[in-house]
Amino acid sequence: MSWERTVLMNSQKENTSPEYSCFTAKKPIEIYVFIDPMCPECWSLEPYLKKLSIEYGRLFTLRPIISGSSKPLNHGNFDRPKKLKEIWERTASRTGMSCDGDLWIENPIHSPITAYLAIKAAELQGLRYGKAFLRKVQEYLFLKKKNISDKSVLMECAKAVKLDLQEFKADLYAVSAKKALQCDIKLAHEMEIDYMPTMVFFHKNIEEQGIKISGLYPYDIYVRVLSEMLDHTPIPSQHPPLESFVRHYEVVASKEISVVYNWSIEKAEREMKKLQLKQLVEKIPAKHGTFWQYVGEKNSHH
12 MSWERTVLMN
22 SQKENTSPEY
32 SCFTAKKPIE
42 IYVFIDPMCP
52 ECWSLEPYLK
62 KLSIEYGRLF
72 TLRPIISGSS
82 KPLNHGNFDR
92 PKKLKEIWER
102 TASRTGMSCD
112 GDLWIENPIH
122 SPITAYLAIK
132 AAELQGLRYG
142 KAFLRKVQEY
152 LFLKKKNISD
162 KSVLMECAKA
172 VKLDLQEFKA
182 DLYAVSAKKA
192 LQCDIKLAHE
202 MEIDYMPTMV
212 FFHKNIEEQG
222 IKISGLYPYD
232 IYVRVLSEML
242 DHTPIPSQHP
252 PLESFVRHYE
262 VVASKEISVV
272 YNWSIEKAER
282 EMKKLQLKQL
292 VEKIPAKHGT
302 FWQYVGEKNS
312 HH
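In C-alpha cells:
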C-alpha cells in the first residue's frame, strides 16, 4: 500500500506544546489531524482516534489542526441546507456516529469561524483542554443541534470541560487565538490538505518525511502507518475497564465502544445497559446510533 509522503516546512517543527513537561520523554511520533469541526466525516474518525490513543498513545502526540472552510454558508444558495442535511444523515447512518441533519433546517450555522477561534482559544489553556473542548463542541453540534457559532453555546462547552472561563472569554477575541487559527490554515495550505479528515504522521527524528492519509480507513491501516514510522510493530496497551473508559470521556457512542473494544454494536449496547442498571450512565437520545453519558459521580453522592 503506498502512502503519500509529505514534506513539512521546518518552521513548524518547534514544539511549544504545554503537554511536554520536563518529566516526560518526548514521544517519538506526532500525528496532525486536519479536521473541520463541522464535518461529519471528521466526527466519524473519533472512534479510531480513541482506540489509537488507548492502544498506542504512549508513542504519539495528537494535534488537531483546524482547517475548515470558514466561508459563510449563506451565499444565496437556498437548497444548501437541504443538501447539508442529506449529507449529514447519510454519513451518520453509514458510520454510526450520529449527526442530526435537521440542524441545517432548524438552526443553521452561518459563520463557523467563531467556533474555530473558540477551539484555538481553549487550546491556549493546554493541548488537553483544546481536545476536550473540540470534542464537546462536536457533541453540541451533532447530537444537540446547537449553533456552535453562538457565544453562549461556546461558554457552555467551556464550562463543561472545566476551562478557566474568564481566560477563555478574553482569549476568544484575542490576537493569539486568531494567529493560532491562521497558523492552522496556513499549515493545511502548505501541506496541500484538500480533504477532511486527513492525518499526517511525523517522526521526530526524521526531519522531512511525513506520511499523509486522507479520508477514513479501517483501523489497522493507522496501526500499519505507525509501525512503518517506528520501524517495528508496537504492542498495544491494555484497554481500560469499560467504566473507566466512559468516566474518562464522559460522553461516548456505542460505535466508539465497539471500535475500541472490538465488540459488535450489540455487545457494546449490552455492556452499557449493565452500567445503566447500576445508574452509572444514561442513554442520550440520538438520531442515529446510541450515545451514553457518564453520570456515576452524580449518583454516588445521593
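In the working numbering, the protein residues as written are 12 to 313. Backbone N, C-alpha and C define an ideal beta-carbon position, used for all residues, glycine too.
Is Gln149 buried or exposed, if buried means 16 or more other CB atoms sit within 10 Å of its CB? buried
Using a 10 Å radius around the Cβ and a threshold of 16 neighbouring Cβ atoms, would you call Tyr140 buried or exposed? buried
Indicate whether at least one CB of chain D lies closer than 8 Å to the CB of Ser78. No chain D appears in the structure shown, which is made up of a single protein chain.
DSSP on Ser160, reduced to helix/strand/coil? coil
Let me check understanding here. Comparing Cα to Cα, which of Leu70, Pro58, Ser55, Thr301 lies closest to Pro247? Leu70
For Lys147, name the three-state secondary structure that DSSP assigns. helix
Please classify Glu97: is it buried, with 16 or more other beta-carbons within 10 angstroms of its beta-carbon, or exposed? exposed
Quick check on DSSP: helix, strand or coil for Ser248? coil
Rounded separation between Arg74 and Pro251 - CA only: 23 Å
Checking the sheet assignment: what are the DSSP bridge partners for Leu70? Partner(s): none; Leu70 has no beta bridge.
Is Ser225 helix, strand or coil when you go by DSSP? strand
Just confirm the distance between the C-beta atoms of Leu198 and Ile76, as a whole number of angstroms; I'd bet it's less than 8 Å. 6 Å
beta-carbon Ile40 near the ligand GTP non-hydrogen atom, thresh 7 Å: Annotation note on the ligand GTP: not contained in the displayed structure, which lists no ligands.
Pull the bridge partners of Tyr305 from the DSSP assignment, please. Val292
I'd like to know whether the C-beta atoms of Asn158 and Ile120 end up nearer to each other than 8 Å. yes
So, at 6 Å on beta carbons, what are the nonlocal neighbours of Glu261 in its own chain, with the 5 sequence-adjacent residues on each side left out? Tyr305
Could you check how far apart the C-beta atoms of Phe6 and Trp54 are, in whole angstroms? I think they sit under 8 Å. As displayed, the chain neither begins before 12 nor continues past 313, which places residue 6 out of reach and without an answer.
Exposed unless 16 or more other CB atoms sit within 10 angstroms - verdict on Gln177: exposed
For Cys168 and Ala264, the rounded distance between their alpha carbons: 18 Å
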